[in-house]
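In my numbering, the protein residues as written are 645 to 959.
Reading through the structure tokens given below for one structure.
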């Protein structure tokens, strides 16, 4: 959801042109934006599907929904807003009249509004509470995890979700110095014990890991991807933008598996699975931001876009 705000009404979502080109929104179609953010991609889908295209827009952040309802007021008769995770789309979408969908987008990660708001606790470069919840009304905060989990549990989070090779050492110093209540306290503690590697702050992967753990992001992706496949009509397309390797690896492997007729072990001499591909890969490799886009929006550097199309499965 990384977006660069040019002013109060104009937003440039990451890979905007590429998303619209590859999703191929149809006139008067129905679409799901599983990660609304500031509504930049939703606005593009609505414009491309005019005059009667509709979007079902999910977001766990009530502030994002309130902001976008104001920003996209001219489109609100064609947007249905849902304060929930995209992982719930399989249950919620049909109740809102959205089934047999023409296109679905998941733009994973954080919006610039969330990163820029110190009170949300996502960014270690500014002081705020150790929160990191997408929905600030629900669930434990990052501070709850940092101050209450034991050393091995913290190390596991840092390794599993942040791929932090110094996970055990960092967990040890956190436990020895807690309680920690602010982003600056945690970032400065890590920086005082871990040498910086190039331009990357030593707390980067720890903050990523905590955010993923707090919000259950990998579980949501797994559930959301399956739900999207079920909701798409044949010929409908599904696009996912990932911002770190764990997400992109899961999406890549899942899309490839769904696009294969046979999923038998490679050493097996003949097929016994009777599996049939249910999607076609539209992007064989991840689509990345151009240098021009990176210059305008540096956060787009880590974005990876993958797209599939649902196939008609013979009965």
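Backbone N, C-alpha and C define an ideal beta-carbon position, used for all residues, glycine too.
Using the C-alpha atoms, what's the distance from residue 768 back to residue 845?
-> Reading the chain shown from its first residue, position 201 is the one you call residue 845. Reading the chain shown from its first residue, position 124 is the one you call residue 768. When rounded, the distance between both Cα atoms is 9 Å.
Might you give, ordered along the chain, the residues of its own chain that have their beta carbon closer than 6 Å to the beta carbon of residue 651, omitting 5 neighbours on each side?
-> As a first step, residue 651 must be located in the chain shown, where it is residue number 7. Residue confidence is low: residue 651 scores 35 on pLDDT, short of 50, so the model does not pin down where it sits. Its coordinate-derived value is still stated next. Nothing meets the Cβ criterion.
Return the bridge partner residues of residue 954 from the DSSP annotation.
-> Sequence index remark: in the chain shown, residue 954 carries index 310 (1-based). Answer is 923, bridged to residue 954.
Any chance you could list the beta strand (DSSP E) runs of at least 3 consecutive residues sitting entirely within the stretch 842-893, in chain order?
-> 876-886
Looking only at C-alpha atoms, which of 666, 777, 694 and 770 sits nearest to residue 964?
-> Look at the range of the chain in this structure, 645 to 959, and you will see that residue 964 is not part of it.
Through-space distance from residue 725 to residue 658, alpha-carbon basis = For this step, residue 658 is matched to residue 14 along the chain shown. For this step, residue 725 is matched to residue 81 along the chain shown. So the alpha carbons of these two residues sit roughly 21 Å apart.
Leaving out five residues before and five after residue 660 in sequence, what residues of the same chain have Cβ atoms less than 8 Å from its Cβ?
-> Within the chain shown, residue 660 is the residue found at index 16, counting from 1. Closer than 8 Å at Cβ, skipping near neighbours: 684, 685 and 688.
Skipping 5 residues on each side, what residues in its chain have a beta carbon closer than 7 Å to that of residue 915?
-> As a working note, residue 915 is residue 271 in the chain shown. Cβ neighbours of residue 915 beyond the five flanking positions: 906 and 908.
Going by the CB atoms, is the gap between residue 945 and residue 1023 shorter than 8 Å?
-> Because the chain is modelled from 645 through 959, residue 1023 falls outside the range shown and cannot be assessed.
Beta-bridge pairing of residue 702 - partner residues as DSSP gives them = As a first step, residue 702 is located in the chain shown; it is residue number 58 there, counting from the start. The partner list for residue 702 (beta bridge, DSSP) reads 726.
Pairing CB atoms from the stretch 689-709 with CB atoms from the stretch 739-755, are three or more of them under 8 Å?
-> yes
Counting Cβ pairs closer than 8 Å, one from the stretch 883-891 and one from the stretch 852-866, do we hit at least three?
-> yes
What residue from 807, 785 and 663 has the CA that sits closest to residue 826's CA?
-> Sequence index remark: in the chain shown, residue 826 carries index 182 (1-based). It is 785.
Within the same chain, show all residues whose beta-carbon is closer than 6 Å to that of residue 805, passing over the 5 residues directly before and after it, in chain order.
-> Within the chain shown, numbered from 1, the residue matching residue 805 stands at position 161. Only 853, 856 and 857 meet the Cβ criterion.
Local conformation of residue 676 per DSSP, three classes | One-based indexing of the chain shown puts residue 676 at position 32. Residue state, collapsed to three classes: strand.
Residue interval of the alpha helix (DSSP H) (run including residue 818) | Start at 1 with the first residue of the chain shown, and residue 818 comes out as number 174. Taken as a continuous stretch (DSSP letters only), the alpha helix (DSSP H) holding residue 818 covers 811-821.
According to DSSP, is residue 654 helix, strand or coil?
-> Stepping through the chain shown from its first residue, residue 654 is reached at position 10. Caution applies to residue 654, whose pLDDT of 49 falls short of 50 and renders its modelled position unreliable; the value that the coordinates give is listed next. Here residue 654 sits in coil by DSSP.
Indicate whether residue 690 and residue 883 have their beta-carbon atoms separated by less than 8 Å.
-> For the purposes of this step, residue 690 is taken as the residue at position 46 of the chain shown. For the purposes of this step, residue 883 is taken as the residue at position 239 of the chain shown. Cβ atoms of residue 690 and residue 883: not closer than 8 Å.
Confirm, please, whether the CB-CB distance from residue 731 to residue 867 is below 8 Å.
-> As a position in the chain shown, residue 867 is number 223, starting the count at 1. As a position in the chain shown, residue 731 is number 87, starting the count at 1. Cβ atoms of residue 867 and residue 731: closer than 8 Å.
Around the Cβ of residue 831, are there at least 16 other Cβ atoms within 10 angstroms (buried) or fewer (exposed)?
-> Translated into positions along the chain shown, residue 831 becomes position 187. That one is buried.
Best match in 881, 808, 824 and 676 for proximity to residue 736 [C-alpha to C-alpha] | Here residue 736 refers to the residue found at position 92 of the chain shown. Nearest C-alpha to residue 736: 676.
With a 10 Å radius around its C-beta and 16 neighbouring C-beta atoms as the bar for buried, classify residue 940 as buried or exposed.
-> Position 296 of the chain shown holds residue 940. Classification of residue 940: exposed, given that the 10 Å Cβ count is below 16.
Per-residue burial, residue 758 [other beta carbons within 10 Å of its own, 16 or more giving buried] | Position 114 of the chain shown, counted from the first residue, corresponds to residue 758. Per the 10 Å Cβ criterion, buried.
Taking buried to mean at least 16 other C-beta atoms within 10 Å of its own C-beta, is residue 896 buried or exposed?
-> Here residue 896 corresponds to residue number 252 of the chain shown, with the count starting at 1. Burial call: buried.
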